[in-house]
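*Asks:*
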Amino acid sequence: APPPAPPLPGAPPTASTSHRSPGGDTQDGGVSPSKPPPPPSGPVPDPRFVSFQKEGSVGIRLTGGNEVGIFVTAVQPSSQAQLQGIVAGDKVLKVNEMELSGVTREEAVLYLMSLQDQIELIVQTRHHDYQQILASQNGDLFYIKTHFHHDPEGSGELSFRSGDIFRVVDTLHSGVVGAWQVERIGRNNQETQRGTIPNKSRAEELATAQFNAAKKEQTQSESRSGFFKRRRNSRRSKSLGKDHWEDVVFGDSMSKFPAYERVSLQHPGFVRPVVLFGPLADVARGKMLAENTQHFSSPQLDSNGEKQQSSIIRLSAIRDIIDLSKHAVLDITPSAVDRLNYAQFYPIVIYLRVDSKQAVKEMRAGFPKGAVRSCSSRA
83 APPPAPPLPG APPTASTSHR SPGGDTQDGG VSPSKPPPPP SGPVPDPRFV
133 SFQKEGSVGI RLTGGNEVGI FVTAVQPSSQ AQLQGIVAGD KVLKVNEMEL
183 SGVTREEAVL YLMSLQDQIE LIVQTRHHDY QQILASQNGD LFYIKTHFHH
233 DPEGSGELSF RSGDIFRVVD TLHSGVVGAW QVERIGRNNQ ETQRGTIPNK
283 SRAEELATAQ FNAAKKEQTQ SESRSGFFKR RRNSRRSKSL GKDHWEDVVF
333 GDSMSKFPAY ERVSLQHPGF VRPVVLFGPL ADVARGKMLA ENTQHFSSPQ
383 LDSNGEKQQS SIIRLSAIRD IIDLSKHAVL DITPSAVDRL NYAQFYPIVI
433 YLRVDSKQAV KEMRAGFPKG AVRSCSSRA
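Just remember that my numbering sits 82 ahead of the position in the sequence shown, which is counted from 1.
1. Less than 8 Å between the CB atoms is what I'm expecting for GLN166 and VAL132, so what's the real figure, rounded?
2. GLY260 to GLU188, Cα distance in whole Å?
3. Using CA coordinates, which residue listed in ASN423, ALA291 and LEU347 is at the minimum distance from LEU223?
4. If contact is defined by three or more beta carbon pairs under 8 Å, each pair taking one atom from either stretch, is the stretch 205 to 217 in contact with the stretch 271 to 288?
5. Is the CB-CB distance between THR278 and THR186 below 8 Å?
6. Do you know offhand how far SER237's Cα is from VAL345's?
7. Out of LYS408, PHE359, PRO361 and ALA366, state which residue places its alpha-carbon closest to the alpha-carbon of PRO381.
8. Looking at C-beta atoms only, is the number of pairs between the stretch 264 to 272 and the stretch 172 to 180 that lie closer than 8 Å three or more?
9. Could you tell me whether the stretch 225 to 241 touches the stretch 195 to 203, using the rule of 3 or more Cβ pairs below 8 Å?
10. So, are the CB atoms of PRO127 and GLN200 less than 8 Å apart?
11. Quick one: using the 10 Å Cβ neighbour count with 16 as the cut-off for buried, is THR290 buried or exposed?
12. With a threshold of 7 Å (Cβ to nearest heavy atom), would ALA425 be considered close to the ligand PLP?
13. Could you have a look at SER237 and say whether DSSP puts it in helix, strand or coil?
14. So for ASP199, helix, strand or coil by DSSP?
15. Whole angstroms is fine: what's the gap from ASP211's alpha carbon to LYS173's?
16. What separation, rounded to the nearest whole angstrom, lies between the Cα atoms of PRO361 and LYS227?
17. Does ASN220 pass the burial test, meaning 16 or more other C-beta atoms within 10 Å, or should it be called exposed?
18. Roughly how many angstroms separate the alpha carbons of THR375 and LEU406, rounded to a whole number?
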């Protein structure tokens, strides 16, 4: 399992509209970060019901997150929340109709801000747990996979490509809605970089704008070139660079995935399909299928090793190969990879980069044309 997130800097978030003071503190109508009394020696008190009318802000500041729960970290003096007995160290179990178990800090704050009139809370005093959170600065912790490309818009913001993995450790960075603090996850599940990325709602806006721009560009390109239109769904992925064939996922149709997909580190428990891209992908597929039949097979070839007439690849055919403990070697477009992931086949995708056209010619010269052709299809 992934290691826990390291301690995080920064002030606790607020459950109401906030602004940044010149000194960097998050201000909210005089809310004071009061410290809770020491934990009682007896049993944990039972949950209690609190109800009051919202007057401007809710009057409480929250800390914690989906990993540890949502806690009150400060209460505005003379507010309805304070008058009803809410104190720092209270764990918020429910707000009106919303259970807060597994809810991120941002989600909890946004929900409280959205309420207009009556506030109904179920809280439980958990001083010991609260003090542990203050000491560790733990709060949110989950993993996401990105499904669009993004370039930094401000200082400290990270760039990413579709398919990057991040560990989210704070959904309310610096106490302000709009940015998530994350750690980029590289090979072997190691943190490689820390910074911020747009929050979920902003990411959805950016991904939609990116899709619309790509769709417009595709339409204009198709109107200029009838030949490209005829060929675009067959072999076009073979001549595209890595950055470009990733864009094709958004060029053909809207991705089934959200901008950020929640993911977890798991071992699939089956032999995953293999998809190759690049100028020598057909050569590599041919060699894999011809020289290592014990580990690789293709649902796109018949029993004689020849290309089937149909260009349709059935998921059941891929499953049949997996049941034989072999890798299904697939010749498909990038958009089909997106669909395979959605079907939970999680293919191993490899892009073969070649330094020069001469290198391509030399490598092709050493491999029989018939073998290459027999392993190619137009899926």
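Just so you know, even glycine gets a beta-carbon here, dropped at the ideal spot from N, CA and C.
*Replies:* From the atom records:
1. 5 Å
2. 9 Å
3. LEU347
4. no
5. no
6. 27 Å
7. LYS408
8. no
9. no
10. no
11. exposed
12. Of the ligands one can find in the structure shown there are none, so the ligand PLP has no counterpart to examine.
13. coil
14. coil
15. 9 Å
16. 27 Å
17. buried
18. 11 Å
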